[in-house]
Amino acid sequence: MQWDGKWFLLTLVAILIFFTIGIQVGIAVRQERVAQSLFERMENQLKRYREETARLLTERDRRIQQLEETLRQGSRLMETSQTLLSNLLPVALKGRLLYRNIALVTTAEDFDRNVVVRIQRGLQSVGATVPVTVRWHPNSFCQATPSDLLELVGNGPQNREGRDQESIRKEILGRFAHQLRWGGGDDWFRRLARKGWLEYEGTVSAPTGSAVVIVAFQRERDMNLLSSLDQPLIQAMISAGLKVVLGESLSLARAEIVSGISRDGAPTIDHLDTALGLWSLVGALCGEPGDLGLRNSSKRPVPDLAKLIGQ
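Quick note: to get our numbering, add 1375 to the position in the sequence shown (first position is 1).
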């Protein structure tokens, strides 16, 4: 029988092909086993992660509920304390501000009537009279044109020449402070109100000895407005002989605006919107020096209560 090399080669090629296929199948089977093992490990790991995540979320929810309950209890305690302090104020400090005329003046853009009314009632509960409340509109006043400013102080040659807006504003604020201090009628107040620079309720027919100036409620103040209105206004009021107390709300977004105002020793209170702040306000109006409040710049939270009550 004659040897045929062609069939030999075909057989060899077939064997190699099947051998290669077998190797590939073996590799595929092995890879499948490895992949299956890896998949199972990943599944187990993910399962542990899910279980751990669920446990942590449950723990987080539990702690949040505990914190919310603690905050509710703290809020109820705070409300109870506020109510107690408010009720004690007219009893413990009865007549402490008797025969005192005290004006309320606000210079903040975000006027809060509730805070102003609370302060007014608190002062009245200890004997004070609040003859007038003034709400300045700082944007309108500081954006007034030179002609509007000159219209109030007089448009004579001495006012037109060599006068800048800052000096004219100071003169207007000086007249405001003088009329607030010594009374005599509402003429100047009415003229300022017609310009849209302020609103006022009450009367300034009688002299006023003290003024509470609220410079901030909840929003930050524009520093340009502080320097153009608040600073010269406070200086004018002090120069006119008014006892000035500066205040802001504890809920103020940016803290300690009053601490940045030059005030010639006038006391400050940074929690006027609280019952404790009313006690501090009465103390400041009775002569308690320094800065009272709960923020870092304040020297102490309240005045000497034993001394204040025993006066």
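Glycine is no exception: its CB is placed at the ideal position from the N, C-alpha and C atoms. Computed from a predicted model, the values in this text were never measured in an experiment.
Going by the beta-carbon positions, is the gap between residue i and residue j smaller than 7 Å?
{"i": "V1657", "j": "V1480", "result": "no"}
{"i": "T1482", "j": "P1521", "result": "no"}
{"i": "Q1593", "j": "D1485", "result": "yes"}
{"i": "G1558", "j": "A1581", "result": "yes"}
{"i": "G1497", "j": "L1653", "result": "yes"}
{"i": "I1547", "j": "L1525", "result": "no"}
{"i": "A1552", "j": "A1611", "result": "yes"}
CA-CA distance, residue i and residue j?
{"i": "V1677", "j": "I1684", "result": "12 Å"}
{"i": "M1417", "j": "F1394", "result": "34 Å"}
{"i": "C1661", "j": "A1591", "result": "23 Å"}
{"i": "L1421", "j": "R1438", "result": "25 Å"}
{"i": "E1434", "j": "N1419", "result": "22 Å"}
{"i": "C1517", "j": "L1625", "result": "26 Å"}
{"i": "D1619", "j": "E1574", "result": "In the sequence on display, residue 1619 carries Val and not Asp. If you take the alpha carbons of V1619 and E1574, they lie about 20 Å apart."}
{"i": "D1539", "j": "K1545", "result": "10 Å"}
{"i": "I1543", "j": "S1515", "result": "15 Å"}
{"i": "L1600", "j": "R1510", "result": "14 Å"}
{"i": "L1680", "j": "Q1499", "result": "19 Å"}
{"i": "M1598", "j": "E1426", "result": "54 Å"}
{"i": "L1387", "j": "Y1424", "result": "54 Å"}
{"i": "T1445", "j": "T1643", "result": "32 Å"}
{"i": "P1506", "j": "Q1448", "result": "39 Å"}
{"i": "A1659", "j": "A1641", "result": "9 Å"}
{"i": "R1471", "j": "E1443", "result": "40 Å"}
{"i": "E1663", "j": "R1569", "result": "38 Å"}
{"i": "M1376", "j": "L1385", "result": "Confidence at M1376 is low in this model, with a pLDDT of 47, below 50, so its placement is unreliable and the value that follows should be read with caution. Approximately 18 Å between the Cα atoms of the pair."}
{"i": "E1595", "j": "A1467", "result": "35 Å"}
{"i": "Q1606", "j": "R1550", "result": "15 Å"}
{"i": "A1650", "j": "D1639", "result": "26 Å"}
{"i": "R1670", "j": "E1623", "result": "11 Å"}
{"i": "L1567", "j": "K1469", "result": "36 Å"}
{"i": "I1398", "j": "D1436", "result": "56 Å"}
{"i": "Q1440", "j": "F1414", "result": "38 Å"}
{"i": "W1563", "j": "D1487", "result": "25 Å"}
{"i": "D1523", "j": "E1541", "result": "13 Å"}
{"i": "S1673", "j": "T1458", "result": "24 Å"}
{"i": "V1491", "j": "G1529", "result": "34 Å"}
{"i": "K1682", "j": "N1489", "result": "30 Å"}
{"i": "S1367", "j": "I1613", "result": "One cannot answer for residue 1367 here, as it falls past the ends of the chain, which runs 1376 to 1686."}
{"i": "T1675", "j": "A1519", "result": "Per the sequence shown, residue 1675 should be read as Arg rather than Thr. Cα to Cα, the separation comes out at about 40 Å."}
{"i": "I1396", "j": "I1390", "result": "10 Å"}
From the DSSP secondary-structure annotation, give me the bridge partner or partners of residue i.
{"i": "T1481", "result": "R1510, I1589"}
{"i": "G1622", "result": "I1589, I1644"}
{"i": "T1504", "result": "N1476"}
{"i": "D1523", "result": "BP columns for D1523 are empty, so no partner."}
{"i": "V1604", "result": "Going by the sequence as given, residue 1604 is Leu instead of Val. Looking at the DSSP assignment, L1604 forms no beta bridge with any residue, so it has no partner."}
{"i": "E1576", "result": "T1508"}
{"i": "D1666", "result": "T1643"}
{"i": "R1675", "result": "L1667"}
Contact defined as beta carbons within less than 8 Å: I believe residue i pairs with residue j. What is the distance between those atoms, to the nearest angstrom?
{"i": "A1615", "j": "R1565", "result": "Their Cβ separation, rounded to whole angstroms, is 19 Å, which puts A1615 and R1565 out of contact at 8 Å."}
{"i": "G1668", "j": "D1645", "result": "3 Å"}
{"i": "I1494", "j": "L1647", "result": "6 Å"}
{"i": "G1571", "j": "T1508", "result": "17 Å between Cβ atoms; not a contact."}
{"i": "I1609", "j": "V1588", "result": "6 Å"}
Inset, instruction - Assess, as a yes-or-no matter, whether the region 1459-1475 is touched by the region 1426-1433 under the definition of 3 or more beta carbon pairs within less than 8 Å. - result: In the pairwise beta carbon analysis, the region 1426-1433 is classified as not touching the region 1459-1475: fewer than three pairs are separated by under 8 Å.
Legend entry - Three-pair Cβ contact test at 8 Å for the region 1463-1478 versus the region 1582-1589: Touching, yes, given that three or more Cβ pairs across the two stretches are closer than 8 Å.
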